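To start, the structure itself, in structure tokens.
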Amino acid sequence: MRNYNDSSARDAAARLLSLVNRVTILREKEPSDALKLLAGAAECIINGDCMGAYIKHCALCRALIKSPARRVSGSIFTDYLIHLAVGYEHSFALSSATGMLDEAQLMLFRSDLSALGELSTLDSADISRMTMQRSRELKSRSRYAKDDISVMSTAAWGGTEPKPMPHNKEAMPAEAALQPPAEGEWPAWSYGEKGMRGEYAADEVLEEIYISLTESDNWKSAAQDLFNLFASSGTGVLLRSRTLECRTDGQRAWLEEAAQNECAVQLSCQEKARQTLGEQVIAFMRGTKPSCVLIYGPEAMGKATLARAMADEFPELRLIQACPVNGAEIRSLFAYLGAQPLRFMLLMENADTYSPAWRALLNECTGAAVPQNVMCVATSSSAAGFAGFPVRIGLENMELDAFAKTAEELSAARAPYIDTDAAWIRNAAVDYQLDPHDEFNVSSASLIAARFIAAHE
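Going by our numbering, the letters in the sequence shown line up with residues 6 to 462, in that order.
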């Protein structure tokens, strides 16, 4: 582990500057200006701008706390460095996701990891100590800050031979006159103990990598483990979440983390539909070319919930909630997904074949651009216009008996500590039928279940 107190402030700052500039692949599209700000602080220390170093350090802290880095190391700076290597979609990660090892990229990636490993030993206190040391150095040399004319004048009055001041003595720059704040006023990077906060989809693999990177500064040795991570678990947001949503800006489409779905209840009214969809998903996960699936039926029958629940049952399957996009956007998204090692269910909720907004996406889903690892599932109120979706799963409104049974299942799942009263629920269902309400569907059954729980808690 490097000790930044073993050398002068200028030499230590110069080392930081060289390490930051040595990073190549991991700074292609740096997610923030953190390393740039660190380099700026190092330059300020070298140039004697001690207050400037403090300002850069504060800006660095703001960038670190705003970064998407996961809290794992106990230091927001080390967290950021780990994010650059693990969570950031750099070129080595993307090429590794395809299973292809690019030796040239691997060479540069190892060099980057070596630099980040040494930087990971840096603490905010080191920056403040360098700055304060540099300030003291400049103050101690300020007595030499005389120009040659002053020296010659002094010699003339004293009757001695004038000797110009040595040019290797540093004159204190004007900026150094501003005393930097005391060390205790510098924002700290440490926030707690090491350990993973939150849950990520790839935690089973990530845990070992986090331990390796936080317990040693020899990050170079983790290159092969990171290649295996990207080749098996994907990159970027795919490491974090199993439920994603598609976002667009009119030119490109990308994925963002979506809210985790609530645990779905297996309802007897959906048993046949669940079995049919399950067969398709199992075949898809085994490598069979996927067929487009349409789940259709009246509103509020739980069509999209059924698809989400099925995706939750397969750890290596990622659910993508799609939105209407144009042809170029979806083709770029398909190219990205096709280069990932995982399998995806692209869910198009309430798709409408007669809507221009949906038409481009639906057409692409039935074309040759769909990768083998993407299964397209659409939900709609009608099967009309979905000729390119050969697998069709229909749901219908329920009769009274099935409706009451669904309400019982929902109440039992939500409040298992309450004994189910079938007679009470059936009477409530009859009363609901007599009122001018919607049809018997899953949503209205959920309402009856909520009333039963409220009345019996």
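For glycine and all other residues, C-beta sits at the position ideal for the given N, C-alpha and C. Remember, it's a predicted structure, so these values are computed and weren't measured experimentally.
> Is the beta carbon of leucine 249 less than 8 Å from the beta carbon of isoleucine 132?
Replying inline: no
>> For arginine 67 and arginine 456, what's the separation of their Cα atoms in angstroms?
In response: 48 Å
> Can you check whether the CB of phenylalanine 339 is closer than 8 Å to the CB of glycine 309?
Replying inline: What sits at residue 309 in the sequence shown is alanine, not glycine. No. Outside cutoff.
>> Can you look up tryptophan 429 in the DSSP assignment and give me helix, strand or coil?
In response: helix
>> Counting only C-beta atoms, is arginine 313 closer than 8 Å to chain D at any point?
In response: Absent from the structure is chain D; it holds one protein chain and no more.
> If we ignore side chains and look at the alpha-carbon of each, how far apart do glutamate 462 and tryptophan 429 end up?
Replying inline: 14 Å
> Relative to the alpha-carbon of arginine 20, which residue among Pro346, Ile51 and Phe391 has its alpha-carbon at the smallest distance?
Replying inline: Ile51
>> Tell me the rounded alpha-carbon separation between leucine 342 and glutamine 256.
In response: 17 Å
> So is isoleucine 1 buried or exposed if we call it buried at 16+ other beta carbons inside 10 Å?
Replying inline: The chain is shown from 6 up to 462; residue 1 falls before or after that span and cannot be answered.
> Do you know offhand how far serine 78's Cα is from glutamate 198's?
Replying inline: 7 Å
> Between alanine 5 and alanine 454, is the Cβ-Cβ spacing less than 8 Å?
Replying inline: In the structure as shown, the chain starts at 6 and stops at 462, and residue 5 therefore has no counterpart that could be examined.
> To the nearest whole angstrom, what separates the beta carbons of serine 409 and alanine 434, a pair I think is in contact under 8 Å?
Replying inline: It should be noted that the sequence gives alanine, not serine, for residue 409. Confirmed, about 5 Å.
> Helix, strand or coil for tyrosine 341 per DSSP?
Replying inline: helix
> Comparing alpha-carbon positions, which option in Pro395, Tyr93, Gly53 and Ile87 lies nearest threonine 463?
Replying inline: Residue 463 is absent from the structure shown; the chain starts at 6 and stops at 462.
> What residues in its chain sit with their C-beta under 6 Å from that of phenylalanine 235, if we drop five residues either side in the sequence?
Replying inline: Ala98, Ser101 and Ala102
> Just reading off the alpha helix (DSSP H) that leucine 42 is part of, what are its end residues?
Replying inline: 39-52
> Can arginine 15 and arginine 139 be called in contact, C-beta distance under 8 Å?
Replying inline: yes
> Nearest-angstrom Cα distance between serine 387 and serine 360?
Replying inline: 13 Å
>> Using the three-state DSSP reduction, which class does leucine 113 fall into: helix, strand or coil?
In response: helix
> Which value, in whole angstroms, describes the spacing of the CA atoms of alanine 181 and arginine 252?
Replying inline: Because alanine 181 sits at a pLDDT of 44, beneath the cut-off of 50, its placement in the model cannot be relied upon, and the following sentence gives the value as read from the coordinates. Cα to Cα, the separation comes out at about 49 Å.
>> Going by the DSSP bridge assignment, what does glycine 535 pair with across the sheet?
In response: Past the edges of the chain, shown from 6 to 462, lies residue 535, and the structure says nothing about it.
>> With a threshold of 8 Å, are at least 3 pairs of Cβ atoms found where one atom belongs to the region 418-428 and the other to the region 391-406?
In response: no
> With a cut-off of 8 Å, do at least 3 Cβ pairs link the region 117-132 to the region 184-197?
Replying inline: yes
> Which one or two residues does DSSP pair with valine 210 in a beta bridge?
Replying inline: Bridge partners of valine 210: none, in fact.
>> Distance check for glycine 104 and leucine 124, CA to CA, integer angstroms please.
In response: 29 Å
> Are there 16 or more other CB atoms within 10 angstroms of the CB of threonine 293, so buried, or fewer, so exposed?
Replying inline: exposed
> Taking the DSSP output, what are the residues bridged to alanine 258?
Replying inline: Thr253
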